[in-house]
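S.K.: Here's a structure for you.
There are 2 protein chains.
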Amino acid sequence: MSSPKLLLVEDDSALSELLEYRFENEGYSVRATPDGDEALVLASEDTPDLVILDWMIEGVSGIEVCRRLRREKSTAHVPIIMLTAREAEDDRVRGLETGADDYLTKPFSPRELLARVAAVLRRVRPALAGETIEVGDLRLDPVAHRLERRGKELQLGPTEYRLIKFFMEHPRRVFSRGQLLDAVWGTGSEIEERTVDVHIRRLRKAIAHEKAPDPIRTVRSAGYALEPV
Amino acid sequence: MSSPKLLLVEDDSALSELLEYRFENEGYSVRATPDGDEALVLASEDTPDLVILDWMIEGVSGIEVCRRLRREKSTAHVPIIMLTAREAEDDRVRGLETGADDYLTKPFSPRELLARVAAVLRRVRPALAGETIEVGDLRLDPVAHRLERRGKELQLGPTEYRLIKFFMEHPRRVFSRGQLLDAVWGTGSEIEERTVDVHIRRLRKAIAHEKAPDPIRTVRSAGYALEPV
DNA sequence: TGCGGGCTTATGACATTTTCATGGCAGTTT
DNA sequence: AAACTGCCATGAAAATGTCATAAGCCCGCA
């Protein structure tokens, strides 16, 4: 499924519930907690696609949560939108320095937050925001769950789909089999690394096109990468 | 044409009349009252599609109206747009927390409110904002509650109708069984996900047409989508 | 330059597991 | 009574994870 996973850290329960409701209505998958420590646990258990973080929360402070998220390898690149009180100019600055991607000052309308979230996701991972991505002659429409090459639709299984989607989100970059397992199969999957080879083969077969070259590059003793065209 | 039902709660009679006039001109069906208690009665008698609520009204306060609307089952999901005075930052916060969907600060132009209303309705119930929807060779008339394919009317049950309507409001898009349950059966319904399959089958059967292909696409391990033609 | 060994990847086959379509059925609602 | 709903059992189809084996690549050495 293509619903982006949000982690909402907000200790005002009324606001939290409202936002949870709104976001789920918009097709996001939301987990919420008022507690900083718990947020860190949740984030490490199942890496969210984006974190919405209230600055003033119980337990660990917002800034500390932010910092720790950045420190953990699995969450280091997860975008963070922080919510601040109007006066706390100071926090805002520190927040951005600490690595928040955007901030919103209370009070804000849910629609405003929705827009920011969509914008950040679009910037960081276009496919999550429902935008089609193109890499070389491949075009992927995440909303329709379709992949086509030179106008012709390709037929692939679920795993191959997730795999090519991941590659298309990070073109040219080489991923080890371990990284691919984490990203595509999910962290902690106990699967033979060699199995990745098999799926790469299946993917290659699925996207093979009469004259077009194979866009998947094998990097010996390192992994695989997707090359444009 | 379908006319969305608005409930306007505003005690400035000049403004109220102006808005009523404008909205009716735009094809909405409007009921207005300056009084909070009466608003609640009206809302429960005939559930509106959207409520426009002034924060500073006589009788029960705006925030209380908002809260009670949310508490009543029949009005719990009706979107609310609230109108606030410029300075009342505080109210705004509480309003959003209480469950308003959007707010507008006085003074505002009627056109601005019209735009917000249209946007909210489009988000919540696309069919309300529109006339008939066409997707491929299917044509749905939400007012008449009818679906036809290639000119021939189709006969379907209530659930199948809601299902195809939802699909037609979002053509091509893949929905997971969970999303379909939320959208068609209502959030929180405790229904077996596999039951969706059954209704998909019934829907397919109902819209089957001699030579026309099946417009419902099964996306393995993801869900279903409606494809034009 | 040519060759062979050692290591890495590609491929085809296969047993298992998932996932889906379908028909039937009993309980409700209209 | 007729229509509708939700769920289960069943069978079929698709997808998945592993192996064994073939093929390819890199490197040192003659």
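Going down the list, the protein sequences come from chains F and X.
Numbering of the first sequence is given in full-length UniProt numbering, commencing with residue 1 and proceeding in unit increments.
Numbering of the second sequence is given in full-length UniProt numbering, commencing with residue 1 and proceeding in unit increments.
Heads up, the beta-carbon is just placed ideally off N, CA and C, and yes, glycines get one too.
1. Find the residues of chain X that neighbour F:His209, judging by a C-beta separation of less than 9 angstroms, and give them in chain order.
2. Could you tell me how far apart the beta carbons of F:Val120 and F:Ile81 are, in whole angstroms, since I believe they sit closer than 8 angstroms?
3. In chain order, what residues of the same chain lie with their CB nearer than 7 angstroms to the CB of F:Tyr28, ignoring the 5 residues before and after it?
4. For the UniProt domain "OmpR/PhoB-type" (130 to 228) of chain X, which residues have a CB atom closer than 8 angstroms to at least one CB atom of chain F, in sequence order?
5. Cα separation between F:Glu24 and F:Ala225?
6. Compute the Euclidean distance between the alpha carbons of X:Asp182 and X:Val196, then round it to the nearest angstrom.
7. Which term fits X:Leu18, buried or exposed, when burial requires 16 or more other beta carbons within 10 angstroms of its beta carbon?
8. Out of X:Leu8, X:Arg71 and X:Met56, state which residue places its alpha-carbon closest to the alpha-carbon of X:Leu50.
9. Residues in its own chain within less than 7 angstroms of F:Arg173 by CB, not counting five upstream and five downstream?
10. Tell me, please, whether the stretch 120 to 132 of chain F touches the stretch 30 to 46 of chain F by the rule of three or more beta-carbon pairs shorter than 8 angstroms.
11. Got a sec: is the Cβ-Cβ distance from X:Tyr103 to anything in chain F below 8 angstroms?
12. Can you say whether X:Tyr21 is buried or exposed, counting buried as having 16 or more other CB atoms within 10 angstroms of its CB?
13. Would you call the stretch 210 to 226 of chain F and the stretch 161 to 180 of chain F touching, i.e. three or more CB-CB distances under 8 angstroms?
14. Please work out which residues of its chain come closer than 8 angstroms, Cβ to Cβ, to F:Ala127, disregarding the five sequence neighbours upstream and downstream, and give them in chain order.
15. Can you name the residues of chain X whose CB is closer than 8 angstroms to the CB of F:Ser61?
16. Let me know if X:Asp46 comes out buried or exposed under the rule of 16 or more other beta-carbons within 10 Å of its beta-carbon.
17. Could one say the Cβ of F:Pro110 lies closer than 8 angstroms to chain X's Cβ atoms, at least one of them?
18. Going by C-alpha to C-alpha distance, which of F:Arg149, F:Glu153, F:Ala144 and F:Arg125 sits closest to F:Gly136?
19. Based on Cα-Cα distance, which residue from X:His209, X:Glu190, X:Arg122 and X:Arg204 lies nearest to X:Gly151?
20. For X:Asp11, which three-state DSSP category applies?
21. Could you confirm whether any beta carbon from chain X is found closer than 8 angstroms to the beta carbon of F:Gly27?
22. For F:Gly157 and X:Arg220, which I take to be in contact (beta-carbon distance under 8 angstroms), what is that distance rounded to the nearest angstrom?
23. Quick one: Cα of F:Glu153 to Cα of F:Thr159, how far?
24. Per DSSP, what are the beta-bridge partners of X:Ser29 in this structure?
25. Within the same chain, show all residues whose beta-carbon is closer than 7 angstroms to that of X:Pro48, passing over the 5 residues directly before and after it, in chain order.
26. Would you kindly work out how many angstroms separate the C-alpha atoms of F:Val117 and X:Ala118, rounded to a whole number?
27. Please list the terminal residues of the continuous alpha helix (DSSP H) segment that includes F:Ala115.
28. Quick one: what does DSSP say F:Ala212 is sitting in, helix, strand or coil?
29. To the nearest angstrom, how far is it from the Cα of X:Glu112 to the Cα of X:Arg194?
30. How far does the alpha helix (DSSP H) with F:Met168 in it reach, from first residue to last?
31. Leaving out five residues on either side along the sequence, give the residues of the same chain with a beta carbon under 6 angstroms from the beta carbon of F:Ile52.
M.R.: If we stick to the structure as given:
1. To locate residue 209 of chain F, count along the first sequence from 1; it is residue 209. The premise fails here: F:His209 is roughly 22 angstroms from chain X at the closest Cβ pair, so nothing lies under 9 angstroms.
2. Counting from one through the first sequence, the residue named residue 120 of chain F turns up at place 120. Counting from one through the first sequence, the residue named residue 81 of chain F turns up at place 81. Going by Cβ atoms, the distance from F:Val120 to F:Ile81 rounds to 6 angstroms, so yes, they are a contact pair.
3. Walking along the first sequence from the start, residue 28 of chain F turns up at place 28. If we look at F:Tyr28 and ignore the five residues flanking it on each side, its Cβ neighbours are Ser3, Pro4 and Leu6.
4. Arg172, Arg173, Val174, Ser176, Gly178, Gln179, Asp182, Thr187, Val219, Arg220, Ser221, Ala222, Gly223 and Ala225
5. Mapped onto the first sequence, residue 24 of chain F falls at position 24. Mapped onto the first sequence, residue 225 of chain F falls at position 225. Looking at the two C-alpha atoms, the distance is approximately 34 angstroms.
6. Looking up residue 182 of chain X in the second sequence gives position 182. Looking up residue 196 of chain X in the second sequence gives position 196. Approximately 11 angstroms between the Cα atoms of the pair.
7. Mapped onto the second sequence, residue 18 of chain X falls at position 18. Its Cβ having fewer than 16 others within 10 Å, X:Leu18 is exposed.
8. Within the second sequence, the letter at position 50 stands for residue 50 of chain X. Among X:Leu8, X:Arg71 and X:Met56, the Cα nearest to that of X:Leu50 belongs to X:Leu8.
9. The residue given as residue 173 of chain F occupies position 173 in the first sequence. Here the set comprises Ala225.
10. no
11. Position 103 of the second sequence, counted from the start, is the residue given in the question as residue 103 of chain X. Closer than 8 angstroms to some Cβ of chain F, the Cβ of X:Tyr103 qualifies, so yes.
12. Residue mapping note: residue 21 of chain X aligns to position 21 of the second sequence, counting from 1. It is exposed - the Cβ of X:Tyr21 has fewer than 16 other Cβ atoms within 10 Å.
13. yes
14. Translated into the one-based positions of the first sequence, residue 127 of chain F becomes position 127. Correct list, in chain order: Ser2, Ile133, Leu140, Pro142, Lys165, Met168 and Glu169.
15. Translated into positions along the first sequence, residue 61 of chain F becomes position 61. Result: empty, since nearest Cβ-Cβ is about 21 angstroms, beyond 8 angstroms.
16. For the purposes of this step, residue 46 of chain X is taken as the residue at position 46 of the second sequence. Under this definition X:Asp46 is an exposed residue.
17. Numbered from its first residue, the first sequence carries residue 110 of chain F at position 110. Taking Cβ atoms only, chain X reaches closer than 8 angstroms to F:Pro110, which makes this a yes.
18. Numbered from its first residue, the first sequence carries residue 136 of chain F at position 136. That would be F:Arg149, whose Cα lies nearest to the Cα of F:Gly136.
19. On the second sequence, position 151 is the one that residue 151 of chain X refers to. The candidate whose alpha carbon is nearest that of X:Gly151 is X:His209.
20. Within the second sequence, numbered from 1, the residue matching residue 11 of chain X stands at position 11. Three-state result, X:Asp11: coil.
21. Here residue 27 of chain F refers to the residue found at position 27 when the first sequence is read from its first residue. Yes, because at least one Cβ of chain X sits closer than 8 angstroms to the Cβ of F:Gly27.
22. In the first sequence, the residue the question calls residue 157 of chain F occupies position 157. In the second sequence, the residue the question calls residue 220 of chain X occupies position 220. Contact flag correct, Cβ pair sits at about 7 angstroms.
23. Indexing the first sequence from 1 puts residue 153 of chain F at position 153. Indexing the first sequence from 1 puts residue 159 of chain F at position 159. Near 17 angstroms, if we compare the C-alpha coordinates of F:Thr159 and F:Glu153.
24. Here residue 29 of chain X refers to the residue found at position 29 of the second sequence. Paired residue(s): X:Lys5.
25. Here residue 48 of chain X is taken as the residue at index 48 of the second sequence, counted from 1. Within the same chain, X:Pro48 has close Cβ partners Lys5, Leu6, Leu7 and Val78.
26. Position 117 of the first sequence, counted from the start, is the residue given in the question as residue 117 of chain F. Position 118 of the second sequence, counted from the start, is the residue given in the question as residue 118 of chain X. Each residue's alpha carbon lies about 22 angstroms from the other.
27. In the first sequence, counting from the first residue as 1, residue 115 of chain F sits at position 115. F:Ala115 -> alpha helix (DSSP H) spans Pro110 to Val124.
28. As a working mapping, residue 212 of chain F is identified with position 212 in the first sequence. Three-state result, F:Ala212: coil.
29. As a working mapping, residue 112 of chain X is identified with position 112 in the second sequence. As a working mapping, residue 194 of chain X is identified with position 194 in the second sequence. Their Cα atoms are separated by approximately 44 angstroms.
30. Indexing the first sequence from 1 puts residue 168 of chain F at position 168. Taken as a continuous stretch (DSSP letters only), the alpha helix (DSSP H) holding F:Met168 covers Pro158 to Glu169.
31. Taking the first residue of the first sequence as position 1, residue 52 of chain F is located at position 52. Answer for F:Ile52: Leu8 and Ile81, listed in chain order.
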